[in-house]
Ligand code: FES
């Protein structure tokens with residue numbers, strides 16, 4: 373059996389939403405101290421709906437595929453719904469990840485959550 377599903381390969385070889393959003397409404401980051409991989413998520417939010425999302429990932433194939441899939445899953449979604457995205461849902465949408473690669477999908481969950489926390493903090497601080 374192939375190590376990676378076809379979907380993982382597709383999102384790794386042709387990742388969606390790569391890049392940065394200069395005027396992002398929220399930026400979040402997550403890293404894994406063990407492997408040293410880092411993921412950054414940029415969100416554009418309008419009326420509490422994620423209208424655009426881009427990512428930069430310095431990491432392995434699973435991390436890149438997870439970032440790509442996660443951005444596709446939260447694009448166009450209300451922030452409340454995006455905040456509930458789990459790494460399991462990302463991995464399932466990719467038709468699975470090898471068990472020892474599940475931590476790569478955690479980066480996507482954490483980077484999105486970090487961005488949304490920053491978004492909520494900024495919102496509270498606005499007059
Ligand atoms: Fe580090 Fe995949 S090995 S995120």
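Residue numbers (the numbering used here): 373 to 499.
Don't be surprised by glycine CBs; every beta carbon is placed ideally from N, CA and C.
Supposed close pair residue i, residue j - CB separation, criterion 8 Å
i, j, result
"residue 491", "residue 397", "6 Å"
"residue 414", "residue 392", "5 Å"
"residue 387", "residue 439", "7 Å"
"residue 479", "residue 402", "5 Å"
"residue 430", "residue 389", "The pair is not a contact, with the Cβ atoms about 16 Å apart (cut-off 8 Å)."
Distance cut-off 7 Å: residue i Cβ against heavy atoms of the ligand FES
i, result
"residue 475", "yes"
"residue 479", "yes"
"residue 486", "no"
"residue 409", "yes"
"residue 391", "no"
"residue 435", "yes"
"residue 400", "no"
"residue 459", "no"
"residue 468", "no"
Strand pairing of residue i, partner residues [DSSP]
i, result
"residue 443", "Residue 443 pairs with nothing; no bridge assigned."
"residue 450", "421"
Unbroken alpha helix (DSSP H) run spanning residue i, endpoints
i, result
"residue 484", "474–497"
"residue 465", "459–465"
Per-residue burial, residue i [other beta carbons within 10 Å of its own, 16 or more giving buried]
i, result
"residue 466", "buried"
"residue 409", "buried"
"residue 481", "buried"
"residue 458", "exposed"
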